[in-house]
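Here's the structure we're looking at; comments come further down.
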Amino acid sequence: MSFTMKRRDALLSGVAALVGVSLGARGSAQSSAVMPEPDVFIIGHVDHGKTTLAAAISSAYGADLSYPEINEASLADSPLTEYSRQKVGYSWDGASVSLLDFPGHADIIKSMIFGNVRPKGAILVVNVTDGPMPQTGHHLEIGNRVGIQNLVVFLNKTDMVNDDYPGGSVGFMESVERHIRELLSAYGYPGEETTIIAGSALDALEGRDPENGQAKINELLTAVQKEILQAPAADTGSDGTPKTTFDSELYMLTTGEGGRRRPFFREHRATFQFSSGAVVGTIRLSEGTEIVNPGDNPWVTITLDAPLSIGQFQRFVIVEEGMPIGAGVVSGF
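Quick note: the sequence shown uses my numbering, first residue 599, plus one each step.
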């Protein structure tokens, strides 16, 4: 079998896994078991301390994985494309939990759209000395669109704040917290009600200042247990009503991943493969977006040529000439 044929078969298997069907000998859809629901993502801007937090939690309540061990993320077994992530297990209050830490921004985005893990929620990590950064908002925006509804925030690196900061240490941290709450609200989360815990993952990992380190990790895990793990699951199924138009967050495969070689523009025709069937339709780009290149992550409206029973947060694959070129999540109607 040629490399091209092997790649084609792998991509078609990826389509089946992503939308929740299996493929028979001639590509016919058959039902398959739903993947188990999961785990908790760690998201946030690069270098804000996500991996240090994972290492601190693992050191106290898990397999004691070191920072370098967590930082050497492995390739995820994901349909259609590859991304890097590390799974960090811990036990707290009788529950076994897996944290998923990602080395890069693109890895988080790919996992949200392509990953075979459906997160129960996420810990948003923000470095207090920087405050929210561009990737902070991007992760919140996409997280809300793909159904990550339960969040807690860890305001990290408080050991670096002193009274030389504007407003003194207390005033400065309060202003950063206000900014985070405003950002959460702007992206559809309950900003005023979301738990924000300020502390230092490095203090916890290195055994310094227990009140600012380990005690804050304990507070965080209590909040994760209550506000993420015990929260009702998002409704990701169809409500039974056929629909033709919906909004969606997409990720377009790069050429190297098997995607298109050229960009597409304002209105693009393709086939959309859901677990409930495949329908031809049109991708319409959001205002201000004129072109979508391979590897882009656009926000779009899709209109199907025929009604299909689909539900919010359902995943689907975009197909051209029998081959997948991207995937998406139904974000609203």
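Just so you know, even glycine gets a beta-carbon here, dropped at the ideal spot from N, CA and C.
Would you kindly report the start and end of the unbroken alpha helix (DSSP H) that includes residue i?
| i | result |
| --- | --- |
| GLN812 | 812-822 |
| SER682 | No alpha helix (DSSP H) holds SER682; the beta strand (DSSP E) holding it covers 682-690. |
| ALA653 | 648-659 |
| PRO666 | 665-669 |
When you compare only the Cα positions, how much space is there between residue i and residue j?
| i | j | result |
| --- | --- | --- |
| ASP801 | GLN812 | 7 Å |
| SER656 | PRO861 | 43 Å |
| VAL822 | VAL928 | 26 Å |
| THR839 | THR852 | 34 Å |
| LYS708 | GLU919 | 23 Å |
| GLN733 | ILE740 | 10 Å |
| ALA904 | GLY926 | 18 Å |
| VAL878 | SER884 | 19 Å |
| SER907 | THR843 | 11 Å |
| PHE700 | ILE706 | 6 Å |
| THR820 | LYS685 | 20 Å |
| GLY692 | VAL744 | 29 Å |
| ASP637 | VAL644 | 21 Å |
| GLU790 | ARG859 | 45 Å |
| MET771 | LEU663 | 30 Å |
| SER951 | VAL750 | No answer is possible for residue 951: the residues shown for the chain start at 599 and end at 931. |
| VAL687 | GLU780 | Checking the displayed sequence, the identity of residue 687 turns out to be Gly instead of Val. Their Cα atoms are separated by approximately 31 Å. |
| ARG776 | ARG882 | 36 Å |
| ILE778 | GLY857 | 36 Å |
| THR880 | GLU865 | 6 Å |
| SER696 | ARG683 | 12 Å |
| SER626 | PHE872 | Caution applies to SER626, whose pLDDT of 34 falls short of 50 and renders its modelled position unreliable; the value that the coordinates give is listed next. Going from the Cα of SER626 to the Cα of PHE872 covers about 13 Å. |
| THR792 | VAL898 | 28 Å |
| GLN806 | GLY797 | Here the sequence assigns Arg to residue 806, which means Gln is not the residue at that position. Rounded to whole angstroms, ARG806 to GLY797 spans 12 Å at the Cα level. |
| THR602 | TYR763 | Bear in mind that a pLDDT of 44 at THR602, under 50, signals an unreliable position, so the number given afterwards is only what the model happens to contain. So the alpha carbons of these two residues sit roughly 58 Å apart. |
| ARG624 | PHE712 | Below a pLDDT of 50, predicted positions are generally treated as unreliable, and ARG624, at 28, falls in that range; the measurement from the model is reported next regardless. C-alpha separation (whole angstroms): 24 Å. |
What are the start and end residues of the beta strand (DSSP E) that includes residue i?
| i | result |
| --- | --- |
| ILE711 | Unbroken run through ILE711 is the alpha helix (DSSP H), 703-712; no beta strand (DSSP E). |
| HIS866 | 865-872 |
| GLU847 | 840-850 |
| ALA925 | 921-930 |
| GLU918 | 913-918 |
| LEU803 | Segment 799-804 is the alpha helix (DSSP H) holding LEU803; no beta strand (DSSP E) there. |
| ILE889 | Element bounds for ILE889: n/a, residue is neither H nor E. |
| PRO905 | 897-907 |
| VAL878 | 875-883 |
| PHE639 | 638-641 |
| ALA693 | 693-699 |
Taking all protein chains shown into account, decide if residue i is buried (16 or more other Cβ within 10 angstroms of its Cβ) or exposed.
| i | result |
| --- | --- |
| LYS814 | buried |
| ILE942 | This structure leaves residue 942 out entirely; the chain is present only between 599 and 931. |
| ILE889 | exposed |
| PHE914 | buried |
| THR901 | exposed |
| GLY660 | buried |
| MET758 | exposed |
| GLY765 | exposed |
| GLU855 | buried |
| GLU847 | buried |
| PHE863 | exposed |
| GLY886 | exposed |
Pop quiz: residue i and residue j are said to be a contact at Cβ under 8 Å. What is the actual Cβ separation, rounded to whole angstroms?
| i | j | result |
| --- | --- | --- |
| ASN760 | ALA799 | The Cβ separation is near 18 Å, so there is no contact. |
| ILE640 | ILE721 | 5 Å |
| GLY647 | VAL768 | Not confirmed; about 21 Å, so no contact. |
| TYR681 | LEU738 | No, TYR681 and LEU738 are not in contact; Cβ-Cβ is about 19 Å, not under 8 Å. |
| GLY719 | ALA829 | 7 Å |
| ILE916 | ALA868 | 5 Å |
| GLY924 | TYR849 | 6 Å |
| GLY595 | GLN910 | Missing from the structure shown is residue 595; the chain here goes from 599 to 931 and no further. |
With 8 Å as the threshold, decide whether the Cβ of residue i is near any Cβ in chain D.
| i | result |
| --- | --- |
| PRO905 | The chain labelled as chain D is not found in the depicted structure, where only one protein chain is given. |
- Kindly provide the ranges of any alpha helix (DSSP H) runs that are 4 or more residues long and lie completely inside the region 712-795, ordered along the chain. 732-743, 766-784
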